[in-house]
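J.: Chains as they are written, first to last, in the working numbering: chain A, 3 to 553; chain B, 3 to 553.
For every residue, glycine included, the Cβ atom is placed at its ideal position computed from N, Cα and C.
There are 2 protein chains.
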Amino acid sequence: MKKKYLIIGGVAGGAGTAARLRRRDENAQIIMFERGEYISYANCGLPYYAGNVITERSRLFVMTPDKFMESLRVEARILSEVVAIDREAKTIHVKDLKRNTEYDERYDVLILSPGASPVKPPIPGIEHPAIMSLRSVSDIDSIKDKIDSPATKRAVVVGGGFIGLEMAENLKERGLQVSVVEALDQVMNIIDYDLASEVQQHLRAKGINLFLKDGVASFEHHGSLVSVRLQSETLIDADLIILSIGVRPDTAFLKDSGIALAKNGAIKVDEFFTTNDQAIRAVGDAIVFDSPLSKSPVTIPLAGPANKQARLCADNIVDGNKKPYTGSIGTSIAKIFDLTVASTGLTEKGLKAAGLPYRCAITHTGNHAGYYPNVRQLSLKVLYHPETGKIWGGQSVGYGGVDKRIDIISAFIGKEGTVYDLAEFEQAYAPPFSSAKDPINMVGFIAVNVLEGMSDTISWDEAEQARKNGAFMLDVRSEEEFELGAIEGAVNIPNTDLRDRLKEVPKDRDIILNCAIGLRGYFAERILRQNGFTRVKNLTGGFKTYDNAIR
Amino acid sequence: MKKKYLIIGGVAGGAGTAARLRRRDENAQIIMFERGEYISYANCGLPYYAGNVITERSRLFVMTPDKFMESLRVEARILSEVVAIDREAKTIHVKDLKRNTEYDERYDVLILSPGASPVKPPIPGIEHPAIMSLRSVSDIDSIKDKIDSPATKRAVVVGGGFIGLEMAENLKERGLQVSVVEALDQVMNIIDYDLASEVQQHLRAKGINLFLKDGVASFEHHGSLVSVRLQSETLIDADLIILSIGVRPDTAFLKDSGIALAKNGAIKVDEFFTTNDQAIRAVGDAIVFDSPLSKSPVTIPLAGPANKQARLCADNIVDGNKKPYTGSIGTSIAKIFDLTVASTGLTEKGLKAAGLPYRCAITHTGNHAGYYPNVRQLSLKVLYHPETGKIWGGQSVGYGGVDKRIDIISAFIGKEGTVYDLAEFEQAYAPPFSSAKDPINMVGFIAVNVLEGMSDTISWDEAEQARKNGAFMLDVRSEEEFELGAIEGAVNIPNTDLRDRLKEVPKDRDIILNCAIGLRGYFAERILRQNGFTRVKNLTGGFKTYDNAIR
Ligand SMILES: Cc1cc2nc3c(=O)[nH]c(=O)nc-3n(C[C@H](O)[C@H](O)[C@H](O)COP(=O)(O)OP(=O)(O)OC[C@H]3O[C@@H](n4cnc5c(N)ncnc54)[C@H](O)[C@@H]3O)c2cc1C
Ligand SMILES: Cc1cc2nc3c(=O)[nH]c(=O)nc-3n(C[C@H](O)[C@H](O)[C@H](O)COP(=O)(O)OP(=O)(O)OC[C@H]3O[C@@H](n4cnc5c(N)ncnc54)[C@H](O)[C@@H]3O)c2cc1C
Ligand SMILES: CC(C)(COP(=O)(O)OP(=O)(O)OC[C@H]1O[C@@H](n2cnc3c(N)ncnc32)[C@H](O)[C@@H]1OP(=O)(O)O)[C@@H](O)C(=O)NCCC(=O)NCCS
Ligand SMILES: CC(C)(COP(=O)(O)OP(=O)(O)OC[C@H]1O[C@@H](n2cnc3c(N)ncnc32)[C@H](O)[C@@H]1OP(=O)(O)O)[C@@H](O)C(=O)NCCC(=O)NCCS
Chain A
3 MKKKYLIIGG VAGGAGTAAR LRRRDENAQI IMFERGEYIS YANCGLPYYA
53 GNVITERSRL FVMTPDKFME SLRVEARILS EVVAIDREAK TIHVKDLKRN
103 TEYDERYDVL ILSPGASPVK PPIPGIEHPA IMSLRSVSDI DSIKDKIDSP
153 ATKRAVVVGG GFIGLEMAEN LKERGLQVSV VEALDQVMNI IDYDLASEVQ
203 QHLRAKGINL FLKDGVASFE HHGSLVSVRL QSETLIDADL IILSIGVRPD
253 TAFLKDSGIA LAKNGAIKVD EFFTTNDQAI RAVGDAIVFD SPLSKSPVTI
303 PLAGPANKQA RLCADNIVDG NKKPYTGSIG TSIAKIFDLT VASTGLTEKG
353 LKAAGLPYRC AITHTGNHAG YYPNVRQLSL KVLYHPETGK IWGGQSVGYG
403 GVDKRIDIIS AFIGKEGTVY DLAEFEQAYA PPFSSAKDPI NMVGFIAVNV
453 LEGMSDTISW DEAEQARKNG AFMLDVRSEE EFELGAIEGA VNIPNTDLRD
503 RLKEVPKDRD IILNCAIGLR GYFAERILRQ NGFTRVKNLT GGFKTYDNAI
553 R
Chain B
3 MKKKYLIIGG VAGGAGTAAR LRRRDENAQI IMFERGEYIS YANCGLPYYA
53 GNVITERSRL FVMTPDKFME SLRVEARILS EVVAIDREAK TIHVKDLKRN
103 TEYDERYDVL ILSPGASPVK PPIPGIEHPA IMSLRSVSDI DSIKDKIDSP
153 ATKRAVVVGG GFIGLEMAEN LKERGLQVSV VEALDQVMNI IDYDLASEVQ
203 QHLRAKGINL FLKDGVASFE HHGSLVSVRL QSETLIDADL IILSIGVRPD
253 TAFLKDSGIA LAKNGAIKVD EFFTTNDQAI RAVGDAIVFD SPLSKSPVTI
303 PLAGPANKQA RLCADNIVDG NKKPYTGSIG TSIAKIFDLT VASTGLTEKG
353 LKAAGLPYRC AITHTGNHAG YYPNVRQLSL KVLYHPETGK IWGGQSVGYG
403 GVDKRIDIIS AFIGKEGTVY DLAEFEQAYA PPFSSAKDPI NMVGFIAVNV
453 LEGMSDTISW DEAEQARKNG AFMLDVRSEE EFELGAIEGA VNIPNTDLRD
503 RLKEVPKDRD IILNCAIGLR GYFAERILRQ NGFTRVKNLT GGFKTYDNAI
553 R
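1) Jot down the residue ranges of each uninterrupted beta strand (DSSP E) in the region 419-491 of chain A, minimum 3 residues, whole runs only, in chain order.
2) Does ligand 1 have even one heavy atom less than 6 Å from the beta-carbon of residue 252/A?
3) Closest to residue 44/A by CA distance: which of 370/B, 534/B and 456/B is it?
4) Comparing C-alpha positions only, which one of 113/A, 92/A and 435/A sits nearest to residue 285/A?
5) With 8 Å as the limit, tell me which residues of the region 487-517 of chain A have their beta carbon closer than that to any beta carbon of chain B; keep them in chain order.
6) Given a cut-off of 7 Å, decide if residue 241/B and residue 122/B are closer than it, judged by their beta-carbon atoms.
7) If I'm right that residue 211/B touches residue 274/B with Cβ under 8 Å, what's the distance once you round it to whole angstroms?
8) Tell me the start and end of each unbroken beta strand (DSSP E) in the region 104-145 of chain B that is at least 3 residues and wholly inside, in chain order.
9) Considering only residues of the same chain and omitting the five flanking positions on each side of residue 295/A, which have a CB-CB separation below 8 Å?
10) List, in chain order, every chain A residue whose beta-carbon is nearer than 8 Å to that of residue 46/B.
11) So within the region 307-373 of chain B, which uninterrupted alpha helix (DSSP H) runs reach at least 4 residues, ignoring any that extend past its ends?
12) When you compare the CB of residue 265/B with every CB in chain A, is at least one pair closer than 7 Å?
13) Quick check on DSSP: helix, strand or coil for residue 498/A?
14) What residues in the region 43-68 of chain B have a beta carbon less than 7 Å from any beta carbon of chain A?
15) Got a sec? Which residues, its chain only, sit under 6 Å from residue 451/A by beta carbon, not counting five neighbours each side?
16) Can you tell me whether residue 354/B is buried or exposed, with buried defined as 16 or more other CB within 10 angstroms of its CB?
17) State yes or no: is the beta carbon of residue 335/A nearer than 7 Å to at least one beta carbon in chain C?
18) Would you mind reading off the limits of the alpha helix (DSSP H) that contains residue 48/A?
19) With distances taken between CB atoms, is the gap from residue 237/B to residue 226/B smaller than 7 Å?
20) Run through the DSSP bridge pairs and tell me what residue 156/B is partnered with.
21) Apart from the five residues on each side of it in sequence, which residues of its chain come closer than 6 Å, Cβ to Cβ, to residue 106/A?
22) Which partner residues does residue 379/A have in the DSSP bridge list?
23) Return the residue from the list 539/A, 233/A, 453/A and 313/A that minimises the CA-CA distance to residue 385/A.
24) Between which two residues does the alpha helix (DSSP H) carrying residue 213/A extend?
25) Using a C-beta cutoff of 7 Å, does residue 413/A count as contacting chain B?
26) Answer yes or no: does any C-beta atom of chain A fall closer than 7 Å to that of residue 246/B?
27) Determine whether the beta carbon atoms of residue 56/A and residue 34/A lie at a separation below 7 Å.
28) Which of the residues in the region 372-392 of chain A, read from start to end, lie with their CB under 7 Å from any CB of chain B?
29) Short of 6 Å in beta carbon distance, which residues of its chain neighbour residue 429/A, apart from the five on each side in sequence? Order them along the chain.
30) Could you give the DSSP three-state label for residue 75/B: helix, strand or coil?
31) Assess, as a yes-or-no matter, whether the region 534-553 of chain B is touched by the region 512-523 of chain B under the definition of 3 or more beta carbon pairs within less than 8 Å.
32) Mind checking whether residue 109/B and residue 270/B have CB atoms under 7 Å apart?
33) Among the candidates 340/A, 335/A and 488/A, whose CA atom is the shortest distance from the CA of residue 480/A?
34) I'd like to know if residue 6/A contacts chain B, where contact means its C-beta is closer than 7 Å to some C-beta of that chain.
35) Against chain B, which members of the region 291-312 of chain A pass a CB distance test of less than 8 Å?
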């Protein structure tokens, strides 16, 4: 018998499921319901369309209803909002927003991919035409109209996550004055504080006014202008405000359906994307599943996972639950002006919150061979299990090659890899692309040296604590480097002199070594350890990480 | 007791072993012998120094003897050639090329890293000052002198491997007329013929005269000018000739040592880098070991493996053989003008030669989201085991993101990954870096679809064979595309029309589908299969691969 598949939501998860369903089942009837005017659009491209980086609006549409019908015989009903589900009758109730009519449609299997909508907290004054948020094509059309208006000169972006910062960049490129307001003490929460500080410096260097640790208290309306009042009482005038403080599963219409939802409104599914109703599945930004790393429930609003879930969900529908989803580790990335910021797996703060044991290795090194032109520094941080070396996560900030390093770490996490794998990893090396020892290898070496007892690293915050507790801070950089700035109270013995000046190092105190990035500190550590010093630790990431974080 | 480690060769393998040995054993005496004037130089940078891309000569030196002494207390004796080894006495015999003296030096452990030297076959006329090869700093000094001379206008590069093509590019950038002569039917033997044709087109587009399937018969001397006579009788005049037809282990000095060598002159070592003499180890370009993939002996002259072997070798010396080397899969890469060419693991021709079972998946797709500016096509080919899906190898050609894709595949091969892993791989996605389904995912999907019986692919050469054997060649591109060129004898039914024109497709013949790159061919295949057609195959890589290869 011909199956009837109904799909709610016509973008990544919905359209992806529809396409794969057709390839798996030529005879089924497949109908996709989309509330908005467009299906299959490139949400991820919207900020670049606002910035005129993507110049043709039509490029935003990966598929149209016509093309979908032509090539895959999928019926896409736009301007069709699903407002209720009758699970007993196996029908959905649809509002036709164009004709202003309503009707029911029967399903054999129903797939939900309603996505997530921007959070809009009850801040006083939040309802104003200049205060916008960004999810859909119509959102960006409004935002772009506003930018195009000559009266629009000052913008405030509320929220320093990746969508907020992509918007900040594109608004800046369009010539606006841009402020970013973030309630946390850092931007880009997908990475840790020490690396985020590099991003913050870059944003400031690019002329963004950055307000950290400062939330919005209220919006004050003055005609078309809005004054954003921060908790600190700072007042910022703006012609355009982009709200980008996170998203929430767009599942209000499921409230009375009896479909089990998590506290954040996300749809609970099993590893085959089945909800608590066997005939109803769900994918994408709107679902919750267990993290393969922390084992806690997570909602990961990203397009890669949504697309892959969609494909797998279709297979499980047709084949009957043969291919369990192994979950997503939240690999993500953003270009922020000239910088790339990316992360995979768990962060240090995530590990702390989950109470999981970890260690951390950091390196700041060239993205390719140092002697080849245009080498730029790449910061790479890896978190790993202190006994097994299993990789928990990685994060990176730099000007080139960041995406590659994070993808490699993601691949290894996917195979339950360890830092030993990173040390052994065989990269494709020629001077424009890598070094004979890739940053991935280096960070692996650092971690393996710790696991094998060759070295003991300490992170910038622990080092700062140790310093306050009276540790001997030994800076092994050259005198010239030391004079340009050093850790408070540090003593300078260049690593090349250390063998001859061992007497100056106390044996009865904790010794914290630092150099610029950790390498010479490690060389010095090897000398000290093999000369009977045991209370030695090397500051991972060196003065660069410390200075970034302390500033 | 203080150990005495002697090392022969002062670059990647030698210097790398010395450095790690020091960090593992602070008290040992470590002496490194280097025949040339320099240690620790960037061989890989030499072509770019010739091309003035690397402008400062000093940048080529990663370490100097002074720095090595200062930081690691390693004594580097340059201009010191080791000419013999007395294994009984545990001494080496050294020629001091500066003072013109000779002496013996005793060792506890001897490490060999003499590298490999360019092959110089006995072609008539090969001895001429304009005929040069490239390995060391002094080689590049001579080559550069020659390029700098205004009389030098025409260059011939013999050999289309990565060093030859890097030189061709840099000579061209310096304004020379450049010809490349290659005896095989393709350049860049690290990839297969179908992908290499893209490189060849690019070389020609950049103004390189390319001679394929044509070896050098002789060099004819006319004063400072040399005429290169090819087997085809073509004659090319040149002021400068770069010989770059491969390298051979530089082990002539070991001939009488009793150290076991393979037929190609490479030093035989076990997984701890021990030669047949327990006190002598070897690493780098000069060794032979079993490929972890083909299990056959291989010599891999690459800097990444050399450096990693060095580090591991030092550990095995100090710890007593605890860390077996898992081998190298030959991951390598080159920038060739605007293109990047890279490969990892086994090639199709390598698999054929080894008689190993495989299948192949090819995709030509954007290196990042299609709607984001500057998207360029990336060709990606993956070879995998036809039953288990285990990845044998990958290769890629494109303008951006090639290094990343090959590194990801290398990581998966390192973990004995399969094409299922490629399909599931969680990339860092934002429009400038990837697509919601990365090319890595796509090639994984294609392969998994075959493994799961959803699709059956055919390679360009098999398709060509099938065509000759009377298969029905069905081109499902649009009429416009079809008219611009198609496979001989192909019938055109656009994939969007196929459902309505099934009657035109014969049930009693083999059907070979093609579209531009394989995607619509696959869509069409799904329609046909689900309509009872069983003798269907989809041309992997589509018309693009076919046309590249057939031309
Ligand atoms: C500005 C922006 C930039 C982004 N950049 C990136 C990026 O760089 N990388 C990345 O990985 N991800 C990015 N994302 C996230 C990515 O777009 C989402 O993860 C992905 O689109 C989720 O797919 P989905 O199908 O779950 O939801 P959506 O794509 O949101 O689709 C859900 C659709 O369902 C419709 N819908 C909802 N309820 C109903 C209903 N009741 N009836 C009918 N229709 C309904 C909605 O109108 C919507 O069109 C970005 C998102 C935005 C907004
Ligand atoms: C032009 C060029 C470009 C390259 N590009 C790349 C690239 O992009 N990527 C990549 O991975 N690899 C590249 N390589 C290869 C890479 O340089 C080698 O794999 C690596 O240097 C091998 O290290 P090794 O220690 O085994 O040998 P080598 O680096 O060759 O060092 C051996 C040293 O030993 C010395 N020696 C030999 N015999 C004796 C003796 N009897 N006594 C004393 N000294 C002796 C030699 O003079 C030499 O300096 C390139 C090589 C060249 C020449
Ligand atoms: C485009 C969209 C409708 C999905 O449709 P789709 O037909 O699955 O599209 P894709 O381009 O992903 O097609 C991939 C299919 O072609 C196959 N394919 C791709 N290249 C191929 C090739 N060279 N040879 C053979 N098959 C190939 C793949 O295997 C896959 O088929 P499968 O899933 O049956 O294995 C959906 O992803 C979408 O709406 N995207 C836009 C919205 C979005 O993702 N937004 C967020 C990010 S901006
Ligand atoms: C440079 C050379 C002498 C090796 O010396 P080296 O001291 O091992 O140099 P590296 O820069 O590789 O040092 C890496 C060491 O520092 C450590 N390290 C690097 N960054 C670190 C950091 N941020 N924190 C702590 N340790 C760090 C690594 O763990 C490694 O030590 P280990 O091997 O004991 O684990 C040798 O590789 C060489 O001669 N190279 C040039 C020649 C060559 O390779 N040519 C071919 C390619 S062009």
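T.: By the coordinates alone:
1) The region 419-491 of chain A contains these whole beta strand (DSSP E) runs: 474-477.
2) Against the first sequence, residue 252/A aligns to sequence position 250. Checking the Cβ of residue 252/A against ligand 1 gives yes.
3) Your numbering for residue 44/A matches position 42 in the first sequence. Residue 44/A has its Cα closest to that of 370/B, out of 370/B, 534/B and 456/B.
4) Stepping through the first sequence from its first residue, residue 285/A is reached at position 283. Comparing Cα-Cα distances from residue 285/A to each of 113/A, 92/A and 435/A, the minimum goes to 113/A.
5) Contact residues of the region 487-517 of chain A toward chain B are 497, 498 and 501 (C-beta to C-beta distance below 8 Å).
6) As a working note, residue 122/B is residue 120 in the second sequence. As a working note, residue 241/B is residue 239 in the second sequence. Not in contact: residue 122/B and residue 241/B (Cβ atoms no closer than 7 Å).
7) Looking up residue 211/B in the second sequence gives position 209. Looking up residue 274/B in the second sequence gives position 272. Wrong, their Cβ atoms sit about 48 Å apart, outside the cutoff.
8) Counting only runs of 3 or more, we get 111-114, 118-120 and 133-135.
9) Taking the first residue of the first sequence as position 1, residue 295/A is located at position 293. Same-chain partners within the cutoff: 331, 347, 348, 394, 395 and 415.
10) Position 44 of the second sequence holds residue 46/B. Contact annotation for residue 46/B against chain A: 371, 431, 432, 433 and 438 [CB-CB distance below 8 Å, chain order].
11) The region 307-373 of chain B contains these whole alpha helix (DSSP H) runs: 350-356.
12) Sequence index remark: in the second sequence, residue 265/B carries index 263 (1-based). Closer than 7 Å: no.
13) In the first sequence, counting from the first residue as 1, residue 498/A sits at position 496. In this structure, residue 498/A counts as coil in the three-state DSSP scheme.
14) For chain A, the residues of the region 43-68 of chain B that bring a beta carbon within less than 7 Å of one of its beta carbons are 44, 46, 47, 50, 55, 56, 61 and 62, in chain order.
15) In the first sequence, counting from the first residue as 1, residue 451/A sits at position 449. Apart from the 5 residues on each side of it in sequence, residue 451/A sits with its Cβ closer than 6 Å to the Cβ of 457 in its chain, given in chain order.
16) In the second sequence, residue 354/B corresponds to position 352, counting from 1. Taking all protein chains in view, the Cβ of residue 354/B is surrounded by fewer than 16 other Cβ atoms within 10 Å, so the residue is classified as exposed.
17) Here chain C cannot be found, since the structure's protein chains are A and B.
18) Translated into the one-based positions of the first sequence, residue 48/A becomes position 46. Per DSSP, residue 48/A belongs to the alpha helix (DSSP H) from 48-52.
19) The residue labelled residue 237/B in the question sits at position 235 within the second sequence. The residue labelled residue 226/B in the question sits at position 224 within the second sequence. With respect to the 7 Å criterion, residue 237/B and residue 226/B are not classified as neighbours on the basis of their beta carbons.
20) Here residue 156/B refers to the residue found at position 154 of the second sequence. Answer by DSSP bridge pairing, in chain order: 179/B.
21) Within the first sequence, numbered from 1, the residue matching residue 106/A stands at position 104. Counting only Cβ-Cβ distances below 6 Å, and skipping sequence neighbours, we find 93 and 95.
22) Taking the first residue of the first sequence as position 1, residue 379/A is located at position 377. Partner(s): 368/A.
23) For this step, residue 385/A is matched to residue 383 along the first sequence. For residue 385/A, the nearest C-alpha among the options comes from 453/A.
24) Taking the first sequence and counting its residues from 1, the one referred to as residue 213/A is at position 211. Note, residue 213/A: premise wrong, no alpha helix (DSSP H); beta strand (DSSP E) at 211-213.
25) If you number the first sequence from 1, residue 413/A lands on position 411. Closer than 7 Å: yes.
26) Translated into the one-based positions of the second sequence, residue 246/B becomes position 244. When Cβ-Cβ separations below 7 Å define contact, residue 246/B makes no contact with chain A.
27) On the first sequence, position 54 is the one that residue 56/A refers to. On the first sequence, position 32 is the one that residue 34/A refers to. Their beta carbons are not under 7 Å apart, which means residue 56/A does not touch residue 34/A by this criterion.
28) For the region 372-392 of chain A, the set of residues with a beta-carbon nearer than 7 Å to any beta-carbon of chain B comprises 373, 374 and 375, in chain order.
29) Here residue 429/A refers to the residue found at position 427 when the first sequence is read from its first residue. The residues 436 and 440, in chain order, have a CB closer than 6 Å to that of residue 429/A in the same chain once the five nearest residues on each side in sequence are set aside.
30) Working through the second sequence from its first residue, we reach residue 75/B at position 73. Three-state DSSP puts residue 75/B in coil, outside helix and strand.
31) Yes, the region 512-523 of chain B touches the region 534-553 of chain B.
32) Numbered from its first residue, the second sequence carries residue 109/B at position 107. Numbered from its first residue, the second sequence carries residue 270/B at position 268. Using a Cβ distance threshold of 7 Å, residue 109/B and residue 270/B do not count as a contacting pair.
33) Your numbering for residue 480/A matches position 478 in the first sequence. Of the listed residues, the one whose Cα sits closest to residue 480/A is 488/A.
34) Counting from 1 along the first sequence, the entry for residue 6/A is found at position 4. No, residue 6/A lies away from the interface with chain B (no Cβ there is under 7 Å from its Cβ).
35) Residues 304, 305, 306, 307, 308, 309 and 310.
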